[in-house]
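Novice:
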Amino acid sequence: EAGVAQSPRYKIIEKRQSVAFWCNPISGHATLYWYQQILGQGPKLLIQFQNNGVVDDSQLPKDRFSAERLKGVDSTLKIQPAKLEDSAVYLCASSLHELAGENTDTQYFGPGTRLTVL
Amino acid sequence: AQSVTQLGSHVSVSEGALVLLRCNYSSSVPPYLFWYVQYPNQGLQLLLKYTSAATLVKGINGFEAEFKKSETSFHLTKPSAHMSDAAEYFCAVSETGGFKTIFGAGTRLFVKA
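Residue numbers (this note's numbering), protein chains in the order written: chain U, 607 to 724; chain X, 318 to 430.
1. Output the distance between the C-alpha atoms of residue 390 of chain X and residue 402 of chain X, rounded to the nearest integer angstrom.
2. Take the Cβ of residue 361 of chain X as the centre, count every other Cβ of all protein chains shown within 10 Å, and call the residue buried at 16 or more, exposed below.
3. Could you name each continuous beta strand (DSSP E) segment of 3 residues or more that falls completely within the segment 670-703 of chain U, going from the start of the chain to the end?
4. Please state if the CB of residue 349 of chain X and the CB of residue 366 of chain X are separated by a distance shorter than 8 Å.
5. If you drop the 5 nearest sequence neighbours on each side, which residues of the same chain put their C-beta closer than 6 Å to that of residue 325 of chain X?
6. Taking the beta carbon of residue 635 of chain U as the centre, do at least 16 other beta carbons fall within 10 Å, making it buried, or is it exposed?
7. From U/717, U/609 and U/653, pick the residue whose C-alpha is nearest to that of residue 641 of chain U; which is it?
8. Distance, Cα to Cα, residue 369 of chain X vs residue 394 of chain X?
9. Kindly list, in the order they appear in chain X, the residues whose Cβ is closer than 8 Å to that of residue 647 of chain U.
10. Taking the CB atoms as reference points, tell me whether residue 610 of chain U and residue 632 of chain U lie closer together than 8 Å.
11. Any Cβ of chain B within less than 8 Å of the Cβ of residue 319 of chain X?
12. Pull up the distance between the alpha-carbon of residue 643 of chain U and that of residue 333 of chain X, whole angstroms please.
13. By DSSP, does residue 658 of chain U sit in helix, in strand, or in coil?
14. Given that residue 661 of chain U touches chain X, what residues does it touch there, using C-beta distances under 8 Å?
15. Could you pull the DSSP bridge partners for residue 341 of chain X from this structure?
16. With a cut-off of 8 Å, does the C-beta of residue 715 of chain U fall near any C-beta of chain X?
17. Check the DSSP bridge columns for residue 412 of chain X and list the partner residues they point to.
18. Can you list, in chain order, the residues of its chain with a C-beta nearer than 8 Å to that of residue 624 of chain U? Leave out the 5 residues immediately preceding and following it.
19. Look at the alpha carbon of residue 659 of chain U and the alpha carbon of residue 680 of chain U, and state the distance between them as a whole number of angstroms.
20. Counting only Cβ pairs nearer than 9 Å, list the residues of chain U close to residue 363 of chain X.
21. If we define contact as Cβ-Cβ less than 8 Å, is residue 697 of chain U a contact residue for chain X?
22. For chain X, find out if any of its Cβ atoms is closer than 8 Å to the Cβ of residue 634 of chain U; answer yes or no.
23. I need the straight-line Cα distance from residue 648 of chain U to residue 407 of chain X, nearest angstrom please.
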């Protein structure tokens with residue numbers, strides 16, 4: 607079974623530029639998560655999708671970050687414009703569970719995209 | 318609101334010694350608790366999870382953790398450390414259904430030969 611795929615693996619941009627990350631979850635997984643992991647810190651949940659609907663985006667800086675999962679499968683996370691403090695690893699994860707309120711399900715993580723903003 | 322505190326950003330043990338990584342949580346609802354491991358340049362991998370069943374949870378690679386409600390703790394242990402255990406370990410808490418997962422800051426485990 608293929609794991610969670612992310613691209614690119616590395617990205618270097620200048621501040622105020624735009625950048626987009628792509629994630630393809632494990633086939634059949636209904637829930638998709640985007641996390642930001644700053645060096646020396648634990649991952650911070652940015653947004654959680656259930657199929658193609660958003661169930662939690664309370665920590666997403668909506669003035670510059672956006673994410674979509676149009677067909678309930680793969681997803682893109684965009685930053686526009688980027689700031690120096692956005693330098694981090696962006697992790698995508700997916701889990702199988704389909705219905706809110708069921709027992710939590712295991713999250714499977716991709717390798718991440720390392721973003722450096724200069 | 319939920320939170321997770323991992324005591325000790327770095328832990329060093331000798332090969333064959335006991336591994337103990339500490340995690341305390343705060344939650345207003347019955348929590349689901351997790352331990353993940355992250356090897357260099359790799360994604361996070363689930364070691365074990367507690368979801369209100371048995372309080373002693375066994376995971377992969379010989380790790381286990383015990384949920385202690387009275388102490389609001391979920392410490393990770395392994396009886397005998399191996400060199401391959403050197404990695405970063407994250408404790409996490411979520412609400413029922415996997416919502417609002419919050420990770421601790423992580424503990425880097427060093428294993429000395």
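Every residue gets a Cβ at the ideal spot worked out from N, C-alpha and C, and that includes glycine.
Specialist: Quick answer:
1. Position 73 of the second sequence, counted from the start, is the residue given in the question as residue 390 of chain X. Position 85 of the second sequence, counted from the start, is the residue given in the question as residue 402 of chain X. Taking the straight line joining both Cα atoms gives about 22 Å.
2. Within the second sequence, the letter at position 44 stands for residue 361 of chain X. When all chains shown are included, residue 361 of chain X counts as buried.
3. 671-674, 681-685 and 694-701
4. Your numbering for residue 366 of chain X matches position 49 in the second sequence. Your numbering for residue 349 of chain X matches position 32 in the second sequence. Contact flag set, yes.
5. Residue 325 of chain X sits at position 8 when you count from the first residue of the second sequence. Only 424 meet the Cβ criterion.
6. Start at 1 with the first residue of the first sequence, and residue 635 of chain U comes out as number 29. Residue 635 of chain U comes out buried.
7. Position 35 of the first sequence, counted from the first residue, corresponds to residue 641 of chain U. It is U/653 whose Cα lies nearest to the Cα of residue 641 of chain U.
8. What you label residue 369 of chain X is simply residue 52 of the second sequence in a count that begins at 1. What you label residue 394 of chain X is simply residue 77 of the second sequence in a count that begins at 1. Those two C-alpha atoms are separated by around 19 Å.
9. Here residue 647 of chain U corresponds to residue number 41 of the first sequence, with the count starting at 1. Correct list: 422 and 423.
10. Here residue 610 of chain U is taken as the residue at index 4 of the first sequence, counted from 1. Here residue 632 of chain U is taken as the residue at index 26 of the first sequence, counted from 1. Against a cut-off of 8 Å, the Cβ pair of residue 632 of chain U and residue 610 of chain U comes out as a contact.
11. Annotation note: the requested chain B is absent from the structure, which comprises protein chains U and X.
12. The count along the first sequence starts at 1 and reaches residue 643 of chain U at position 37. The count along the second sequence starts at 1 and reaches residue 333 of chain X at position 16. Each residue's Cα considered, the two are about 31 Å apart.
13. Start at 1 with the first residue of the first sequence, and residue 658 of chain U comes out as number 52. Residue 658 of chain U: coil per DSSP, three-state reduction.
14. One-based indexing of the first sequence puts residue 661 of chain U at position 55. Those within 8 Å of residue 661 of chain U in chain X are 416.
15. Within the second sequence, numbered from 1, the residue matching residue 341 of chain X stands at position 24. According to DSSP, which records beta bridges pairwise, residue 341 of chain X is partnered with X/322 and X/390.
16. Residue numbering aside, residue 715 of chain U sits at position 109 when the first sequence is read from its first letter. Yes, because at least one Cβ of chain X sits closer than 8 Å to the Cβ of residue 715 of chain U.
17. On the second sequence, residue 412 of chain X is found 95 positions in, with the first residue counted as 1. For residue 412 of chain X, which the question treats as bridged, DSSP gives the partners X/416.
18. Numbered from 1 along the first sequence, position 18 holds the residue referred to as residue 624 of chain U. Cβ within range, chain order: 684, 685, 686, 687 and 688.
19. Against the first sequence, residue 659 of chain U aligns to sequence position 53. Against the first sequence, residue 680 of chain U aligns to sequence position 74. Rounded to the nearest angstrom, the two C-alpha atoms are 13 Å apart.
20. Taking the second sequence and counting its residues from 1, one reaches residue 363 of chain X at position 46. Correct list: 712, 713, 714 and 715.
21. Numbered from its first residue, the first sequence carries residue 697 of chain U at position 91. It does: the Cβ of residue 697 of chain U has a partner Cβ on chain X nearer than 8 Å.
22. Taking the first sequence and counting its residues from 1, one reaches residue 634 of chain U at position 28. It does not; no Cβ of chain X falls within 8 Å.
23. Stepping through the first sequence from its first residue, residue 648 of chain U is reached at position 42. Stepping through the second sequence from its first residue, residue 407 of chain X is reached at position 90. Taking the straight line joining both Cα atoms gives about 7 Å.
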